[in-house]
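Residue numbers (this note's numbering): 24 to 479.
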């Protein structure tokens, strides 16, 4: 009997999920625990593995459809039954088939279609379409965008991700090894790059490479397109509006001399990775400095429940992670009980699982304080919105070298080049007074500028 593929229950409070993408199509072979489809819920986006090995026999729920948990969304024919699958499918009556949910139509301006590349004589007409679908299934939109810009066919790239998926690192390493140059693009961010010359029907492909075929469409929208919001984008919009309506937002900003930390990391990062197998980043320094200050100022770690104040026993640190498709805040539980190495490992693990859609609902629940890092993209500082039901969020700006006035122990001033970072605290003025917020941030600043802990 075929094995049913069901919509899983991703946590006790989750009652439904939206299928955002099928990674296989009917007739494809699948291995047990291989990523089969992607879902989006109220809590997380996740890849769902195949429940058995065999052939994907039928997709019952199309992409973009929301169904309740435990709904059968497809079937897998086990070995021995796969051969009978096409005949069974062809004998089904049209009236038995459920109509597919109509997706929102995306209207595009007319464009000149590129001439199709000539197919090899021994290749059937359906092969290019199949290759394109396989590439879609084993890569992300970002990877496909990079490949288009450099004129690279993903069929040439070996994937090191789960199930053979091509990661950003795979495509960038391939491009570097080939010396491929990106296709020039217009300065207008909304203008798409023209197809690479290697995709033109008039340009012969190198003998060592398979003829490249133009992709049917690009994921990025044209100016003027009307496209539906993703489930994650809807939730982000909802949560941000609710937070603004709920909390009385106030922000304060502190300038921190980060030179001691920068020098310490530069000194230990190679040895740290060799000893522990983990990269030494700046984030655990910010987390540790905040944890120490939260232990001294527990009101910053508290939250409002009706007309009461909940003082949390543990410090559960939410750490915002920017993804290609949105933003998510996984939670490092009991951060106050972890040493520096534990913080680094926990942060790295959450970030990696967020980017590979391996987070569970409990991984994004229960935060008591949040740190976000817009500085990684070059921002000097930000004014972040509070992550409900937290009462405060700390934004980390970019680390830059600046001239600063330095006063020695004798009171003499001098100007020196220092590494500087700007930290911003967004807090709920219903619960936290300005004086308390400033004292908390002054403590975080002191913890960073006078750092004395071993980094392992």
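Where a beta carbon is used, it is the ideal one built from N, C-alpha and C, also for glycine.
| Item | Value |
| --- | --- |
| From 331, 79 and 466, residue whose alpha carbon lies closest to that of residue 317 | 466 |
| Top-ranked residue by Cα proximity to residue 55, from 93, 37, 96 and 101 | 101 |
| C-beta contact flag for residue 485 and residue 448 at 8 Å | Only positions 24 to 479 of the chain appear in this structure, which leaves residue 485 out of reach. |
| Whole-angstrom distance between residue 388 and residue 92, CA atom to CA atom | 20 Å |
| Span separating the alpha-carbon of residue 446 from that of residue 421 | 9 Å |
| Where residue 347 falls, given that 16 or more other Cβ within 10 Å makes a residue buried | exposed |
| DSSP state of residue 273 mapped onto helix, strand, coil | strand |
| Nearest to residue 436 (by Cα), restricted to the options 443, 405, 444 and 427 | 427 |
| Which of helix, strand or coil DSSP assigns to residue 253 | coil |
| Residue 201 to residue 167 span [Cα, whole Å] | 17 Å |
| As assigned by DSSP and simplified to three states, the class of residue 478 | coil |
| Residue range of the alpha helix (DSSP H) that includes residue 179 | From DSSP, residue 179 is part of no alpha helix (DSSP H); its letter is neither H nor E. |
| Bridge partner(s) assigned by DSSP for residue 430 | 436 |
| Cβ pair count under 8 Å reaching 3, the region 355-364 against the region 400-414 | no |
| Test item: CB-CB of residue 307 and residue 363 under 8 Å | yes |
| Inter-stretch contact (C-beta, 8 Å, three-pair minimum) for the region 323-337 and the region 448-459 | yes |
| From 25, 354 and 97, residue whose alpha carbon lies closest to that of residue 393 | 354 |
| Unbroken stretches of the alpha helix (DSSP H), 4 residues or longer, contained in the region 333-403 | 363-378 |
| Coarse secondary structure for residue 464, derived from DSSP in three states | helix |
| Residue 445 (DSSP reduced to helix, strand or coil) | strand |
| Sub-8 Å separation of residue 425 and residue 441 beta-carbons | yes |
| Cβ-Cβ distance between residue 42 and residue 70 below 8 Å | no |
| Coil, strand or helix - residue 48 by DSSP | coil |
| Collapsed DSSP secondary structure at residue 417 in the structure displayed | strand |
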